[in-house]
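Q: Protein chains in written order, with the numbering used here: chain H, 1 to 364; chain B, 1 to 329.
Here a beta-carbon is modelled for each residue, glycine too, at the ideal position from N, C-alpha and C.
1) Any beta carbon of chain C sitting closer than 8 Å to that of residue 152/B?
2) Can you list the alpha helix (DSSP H) stretches of 4 or more residues lying completely in the region 99–181 of chain H, in chain order?
3) Please report how far the alpha carbon of residue 178/B lies from the alpha carbon of residue 49/H, in whole angstroms.
4) What are the start and end residues of the beta strand (DSSP E) that includes residue 87/B?
5) Taking only the alpha-carbon atoms, compute the straight-line gap between residue 38/B and residue 29/H and give it to the nearest angstrom.
6) Below 8 Å CB to CB, which residues in the same chain sit around residue 131/H once its five sequence neighbours on both sides are set aside?
7) Strictly below 9 Å CB to CB, what residues from chain H border residue 292/B?
8) Can you find a CB in chain B that lies within less than 8 Å of the CB of residue 321/H?
9) List the residues of chain B that residue 88/H touches, going by C-beta distances under 7 Å, in chain order.
10) Ends of the beta strand (DSSP E) at residue 296/H?
11) Is there a Cβ of chain B sitting closer than 8 Å to that of residue 256/H, yes or no?
12) For residue 159/H and residue 46/B, I'd like the C-alpha separation in whole angstroms.
13) DSSP three-state call for residue 59/H: helix, strand or coil?
14) What residue range does the beta strand (DSSP E) around residue 81/B cover?
15) With distances taken from CA atoms, which of 199/H, 245/H, 178/H is nearest residue 223/H?
16) Could you tell me the boundaries of the alpha helix (DSSP H) in which residue 334/B lies?
17) Between residue 61/H and the rest of its own chain, which residues show a CB-CB distance below 8 Å, the 5 nearest in sequence each way excluded?
18) Going by DSSP in three states, residue 43/B sits in which element: helix, strand or coil?
19) Just the Cα atoms here: how many angstroms apart are residue 262/B and residue 263/H?
20) Flag this pair as yes or no: are the beta carbons of residue 204/B and residue 253/B separated by less than 8 Å?
21) Looking at C-beta atoms only, is the number of pairs between the region 30–40 of chain H and the region 138–151 of chain B that lie closer than 8 Å three or more?
22) Using 10 angstroms around the beta-carbon of residue 9/H, count the other beta-carbons present and answer buried if the total reaches 16, otherwise exposed.
23) In chain order, which alpha helix (DSSP H) runs of at least 4 residues are fully inside the region 233–280 of chain H?
24) According to DSSP, simplified to helix, strand and coil, what is residue 255/B?
25) So, is the C-beta of residue 176/B closer than 8 Å to a C-beta in chain H?
26) If I measure Cβ to Cβ from residue 193/B and keep anything under 7 Å in the same chain, skipping five residues before and after, which residues do I get?
27) Using three-state DSSP, classify residue 202/H as helix, strand or coil.
28) What do you reckon, are the CB atoms on residue 279/B and residue 298/B nearer than 8 Å?
29) Less than 8 Å between the CB atoms is what I'm expecting for residue 300/B and residue 148/H, so what's the real figure, rounded?
30) How many Å lie between residue 312/B and residue 322/B at the Cα?
31) Show which residues of chain H have a CB atom less than 7 Å away from the CB atom of residue 303/B.
32) Counting only beta-carbon separations shorter than 8 Å, does residue 146/B have a partner in chain H?
33) Who are the neighbours of residue 238/B on chain H, taking C-beta pairs under 9 Å?
34) Note down, in chain order, each residue of its chain lying with its Cβ closer than 7 Å to the Cβ of residue 285/B, except the 5 sequence neighbours on either side.
35) Counting only the same chain and skipping the five closest in sequence on each side, list residues whose C-beta sits under 6 Å from that of residue 204/H.
36) Count the other CB atoms, across all protein chains shown, that sit within 10 Å of the CB of residue 99/H; report buried if there are 16 or more and exposed otherwise.
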């Protein structure tokens, strides 16, 4: 508006409104021109694919029959969703993947958020020396490729690797386990300590929900999946810590000084002032965490083996596996249906967490 | 005056042990340091072990992964040869490692660099992908961000909301349709396909838009009054003012593309000569249970090294970039 005005003011012509109109028009043309390249890319490779995914999720296309050919696919309505979610050959695959993914999300997101906050609070202390060193050390893993990190963990947690070696040095009676090849459910092991097994509580084994027994739902992540969770936490806490640290440094010191005058203890200040002021940051960190963990793919792709495929299968990896994994029987339609379902789940989880944490507004 | 100065510290610090709360307060820094040092150890040790073991022969990696101090003689031959020079076996672990020390070899590196020259090709591709996409995003994202922030045109708000919507689309959903579309266009396994798909991103546009909204606009207005072409004004005058945001965008997109696995898998995953380093590294791992750790670890170091150098040189900007987007987000 200001640009249009000043441009018009310079034109000392009788017909100012016409000049102003021309300037406005020029601005609009530039406006469209400037957004054009980026939005063409977003339209063609972000929005259109979403539409294409939605479209193919309603067909029986297998991904092999050429699309140009006659009768490449047929519309089958919501049958893919029904076969995937309600009844069909892949139902237990989907719910198994969903179970693994949910355990993964519930294990990783709270842990990395709380650890990042604790580290940020310590690094933000006035008495701390070597702040730069610690920040660098914590942040460094997140600049490396997920594939490199997977390779490093493959080495660290191998049967003869340094992790088993370190545990053995501390506890000589420990028998080394193959972390990334172990399908034992972590929660099953914990329940076992309290004497709860499938045999002792037959009701758990007999009750089936979505074709998976209640006992199986309660497996927890497998040891292999648990190791991948450690990997995710190890990689991400640095980034999250830097985000928290920036937010902490943004809190004006007067806030703390006022609290000190009132004689509040450090813990009271943290609970009553710091934490509420960090609420938008927490919302950001948890949202990023949810979106990232629900889509866990790279690490699973590298670290799963035939032996652990089932116990480390995530929904994102199932999408890939349905489309490209089974060479003899690819199912593009069902794979896109699984992808769209995951999209909806992530969307709902983000809304739910917004409700639970009170959104991104700070409280006074 | 003098007495007040003497009394004050005594009030602030009562005799040790008189009050458990004071004791805790005094112990806090020690606990804090202990926590930080422990976590730093956990975060750094894996890299140190990876580098150390990448210079061992594979029997030694398996048998003594914890020895980490390289001592001469350097350049050990991992193959045991007979008098004629023919290979008769691998160097036993105990011949290379002695307690915490080991005699380093470059065997792993030699192998990945000599193996049909695949690795140099992957490294080259990675540089092209990362640099090319970073340049495209710097231009397209900043132009779009500027337009959304400053220029008035019908539909400006609508485009902004579309942008927010795009930001929410999970990458997994795009996997299959992008593959189908590139296949139909004949752009699978091509540089063009790679650049087209990733040449602009919603996050970058948003970052630039928010930056342009945070700086005053008088200078460009003055320039536009002079009748200068808006595109020239933008590149000559506006963009140089946006350096902090451009640096953040450069770091995010370069790092993201250097490490990109999922998109590369879809776009160039069916032609080995088009692989980037993450895809190549996955190839080195092989599909069997028998992993050649000397190759895998050397490949990991090679993949990480350029990114690590960039990180240590521009460290400040990395941290600022993350903080910046975090505070805005």
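A: If we stick to the structure as given:
1) Included in the structure are the protein chains H and B, with no chain C among them.
2) 131–139, 146–156, 162–170
3) Your numbering for residue 178/B matches position 178 in the second chain. Your numbering for residue 49/H matches position 49 in the first chain. One C-alpha to the other measures close to 6 Å.
4) Residue mapping note: residue 87/B aligns to position 87 of the second chain, counting from 1. Residues 87–90.
5) Stepping through the second chain from its first residue, residue 38/B is reached at position 38. Stepping through the first chain from its first residue, residue 29/H is reached at position 29. Going by the C-alpha atoms only, they are around 58 Å apart.
6) Locating residue 131/H in the first chain gives position 131, where the first residue counts as 1. Excluding residues within five positions, the ones whose Cβ falls inside 8 Å are 123.
7) Within the second chain, numbered from 1, the residue matching residue 292/B stands at position 292. Under the 9 Å cutoff, chain H gives no residues; its nearest Cβ is about 11 Å from residue 292/B.
8) Counted from its first residue, the first chain places residue 321/H at position 321. Answer no: the Cβ-Cβ gap between residue 321/H and chain B never drops below 8 Å.
9) Taking the first residue of the first chain as 1, we reach residue 88/H at position 88. In chain order: nothing, as chain B lies at least about 19 Å away.
10) Taking the first residue of the first chain as position 1, residue 296/H is located at position 296. Neither: residue 296/H is in no beta strand (DSSP E) and is coded neither H nor E.
11) Counted from its first residue, the first chain places residue 256/H at position 256. Under the 8 Å criterion on CB atoms, residue 256/H is classed as non-interfacial with respect to chain B.
12) One-based indexing of the first chain puts residue 159/H at position 159. One-based indexing of the second chain puts residue 46/B at position 46. Rounded to whole angstroms, residue 159/H to residue 46/B spans 16 Å at the Cα level.
13) Here residue 59/H is taken as the residue at index 59 of the first chain, counted from 1. In this structure, DSSP gives residue 59/H an extended state, which the three-state scheme calls strand.
14) For the purposes of this step, residue 81/B is taken as the residue at position 81 of the second chain. Run containing residue 81/B: 79–81, per the beta strand (DSSP E) assignment.
15) Within the first chain, the letter at position 223 stands for residue 223/H. Looking at the Cα atoms, 178/H is the closest of the given residues.
16) Summary: the structure shown does not reach residue 334/B, with chain B confined to residues 1 through 329, and so no result is reported for it.
17) Taking the first chain and counting its residues from 1, one reaches residue 61/H at position 61. Within the same chain, residue 61/H has close Cβ partners 67, 72, 73, 332, 333.
18) To locate residue 43/B, count along the second chain from 1; it is residue 43. In the structure shown, residue 43/B sits in a helix (DSSP, three-state: H, G or I).
19) Position 262 of the second chain, counting from 1, holds the residue named residue 262/B. Position 263 of the first chain, counting from 1, holds the residue named residue 263/H. When rounded, the distance between both Cα atoms is 53 Å.
20) Within the second chain, the letter at position 204 stands for residue 204/B. Within the second chain, the letter at position 253 stands for residue 253/B. Yes.
21) yes
22) Position 9 of the first chain, counted from the first residue, corresponds to residue 9/H. Below a pLDDT of 50, predicted positions are generally treated as unreliable, and residue 9/H, at 48, falls in that range; the measurement from the model is reported next regardless. Exposed.
23) 253–261, 266–269
24) Mapped onto the second chain, residue 255/B falls at position 255. Note: residue 255/B maps to helix in three-state DSSP.
25) Locating residue 176/B in the second chain gives position 176, where the first residue counts as 1. Yes - at least one Cβ of chain H is within 8 Å of the one on residue 176/B.
26) Start at 1 with the first residue of the second chain, and residue 193/B comes out as number 193. If we look at residue 193/B and ignore the five residues flanking it on each side, its Cβ neighbours are 182, 187, 267.
27) Within the first chain, the letter at position 202 stands for residue 202/H. Judged by DSSP in its simplified three-state form, residue 202/H adopts helix.
28) For the purposes of this step, residue 279/B is taken as residue 279 along the second chain, with counting starting at 1. For the purposes of this step, residue 298/B is taken as residue 298 along the second chain, with counting starting at 1. It is not a contact, given that the beta carbons lie outside the stated cut-off.
29) On the second chain, position 300 is the one that residue 300/B refers to. On the first chain, position 148 is the one that residue 148/H refers to. The pair is a contact, with the Cβ atoms about 5 Å apart (cut-off 8 Å).
30) Translated into the one-based positions of the second chain, residue 312/B becomes position 312. Translated into the one-based positions of the second chain, residue 322/B becomes position 322. C-alpha separation (whole angstroms): 15 Å.
31) Looking up residue 303/B in the second chain gives position 303. Within chain H, the residues near residue 303/B are 145, 148.
32) For this step, residue 146/B is matched to residue 146 along the second chain. True, the Cβ-Cβ gap to chain H drops below 8 Å.
33) Taking the first residue of the second chain as 1, we reach residue 238/B at position 238. None at all; the shortest Cβ gap to chain H is about 11 Å.
34) Along the second chain, read from residue 1 onward, the residue named residue 285/B stands at position 285. 291, 296.
35) The residue you call residue 204/H lines up with position 204 of the first chain. Once the five neighbours on either side are set aside, the close Cβ partners of residue 204/H are 214, 215.
36) Here the question's residue 99/H lines up with position 99 in the first chain. Classification for residue 99/H: buried.
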